[in-house]
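One structure below.
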Amino acid sequence: MNRFAQGSFAAAALLLVLAGCKKDGQQDVVTATPEQVATPVETAPGAAPVNLSDVIEHTPSYVVGISYPPAAAKYPGLAQELTSYAEHAKAELLKAASELGNDKPTAPYELSLSFDMLTDTPKVVAVSADGSSYTGGAHGQPLVARFVWLPEQQKLLKAEDLINTAKGWQAVSDYVEDKLLEQATVRAQGEELSPEEQQEQVRNLSRMIDEGTAPEPANFSQFQPVLDAAGHISALRFVFPPYQVGPYSDGTQFVDVPAAALLPNVAADYRELFSRN
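Put into structure tokens, the structure is as follows:
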């Protein structure tokens, strides 16, 4: 069937795919043990519930499919962050569709966005957002985001708060850049290229990697925790959408930075979240 087929079947199929697929590199959901949930986490006083209903919309000009994890609804602040992200993506799509006027696109514009619960414990909750927004051209614009919620503090954990020194971001940058270059070299070696062509490919990628991993919090804003059996963060998985550290064809890339490499530079308020092993 054509990827941009019109009608309710296309929209329903889109949502089913969003709900059922699991992205490469995504960890299984980590939930609290019975001991960890002995004391329920309370929501912020006066926090209004947020509706996390899945969205299916279709017109001759556009198709929208958005899916949410029901478990996120018990954290109103987090739920608000998710819906705000989705609403912004949808508004951008509708704006592009409205600019068509009376013209009809060769294929309907399309927003496909799936939020998935990665981690759900009393101290750390993490949700991924993956999808794309198609408004013409060869392919859609990737949508990649990660939301790390701290239930006890009722706030998002942001990169600039987690590490708040230039020295700390330089250390993260150096570690991640080295790992991405290793990955790029392995990919080049797996292709049918001469040694000279492999070296040229890695050189070209190294420029993108160097720019995309410059020691600034904005370059590392998308991350998700990797937890050990005790529920502590054993590593942070930094997530890089297409175009940040490589071409679209390389897809979303990941680098896990172990807690041991992070802890010397993590702000004091968040060190207790990390594994000491």
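Reading the sequence shown from the start, the letters are residues 1 to 277 in UniProt numbering. Using N, Cα and C, we set each Cβ at its ideal position, and we do this for glycine too. Computed from a predicted model, the values in this text were never measured in an experiment.
In the structure shown, A145 adopts extended strand secondary structure according to DSSP, grouped into three states. Within the region 202-258, the complete beta strand (DSSP E) segments of 3 residues or longer fall at 223-227, 233-240, 253-258, listed in chain order. Considering only L263, P70, D174, P241, the residue with the shortest C-alpha distance to A214 is D174. A Cβ-Cβ contact shorter than 8 Å links P69 with D116. Counting of Cβ neighbours within 10 angstroms places Q170 among the exposed residues, the total staying below 16. Cβ contact annotation for L162 (same chain, cutoff 7 Å, sequence separation greater than five): V266, A267, Y270, in chain order. In this structure, DSSP gives D120 an extended state, which the three-state scheme calls strand. For E57, the closest C-alpha among the options E196, P122, S112, K155 is that of S112. About 6 Å separates the beta carbon of P242 from that of G251, a gap short enough to meet the 8 Å contact definition. Across the set A107, F147, S133, K95, the C-alpha of F147 shows the shortest separation from the C-alpha of V125. Measuring C-alpha to C-alpha distances from K167 to each of N51, A97, P217 identifies P217 as the nearest.
The alpha-carbon separation between A72 and S128 amounts to approximately 11 Å. The C-beta of D178 has fewer than 16 other C-beta atoms within 10 Å across all chains shown, which makes the residue exposed. According to DSSP, residue pairing for E160 in a beta bridge does not occur. DSSP places Y85 in no beta strand (DSSP E) but in the uninterrupted alpha helix (DSSP H) bounded by 76-98. The alpha carbon of L156 has as its nearest neighbour, out of E192, Q224, A259, A261, the alpha carbon of Q224. For A267, the three-state secondary structure derived from DSSP is coil. Contact annotation: K123 and E99 have beta-carbon atoms that are not nearer than 8 Å.
Rounded to the nearest whole angstrom, the C-alpha separation of G65 and Q189 is 38 Å. Assignment of L150 by DSSP, reduced to helix, strand and coil, places it in the strand class. In this structure, L181 lies away from G246, with their beta-carbon atoms at least 8 Å apart.
In this structure, DSSP gives E57 an extended state, which the three-state scheme calls strand.
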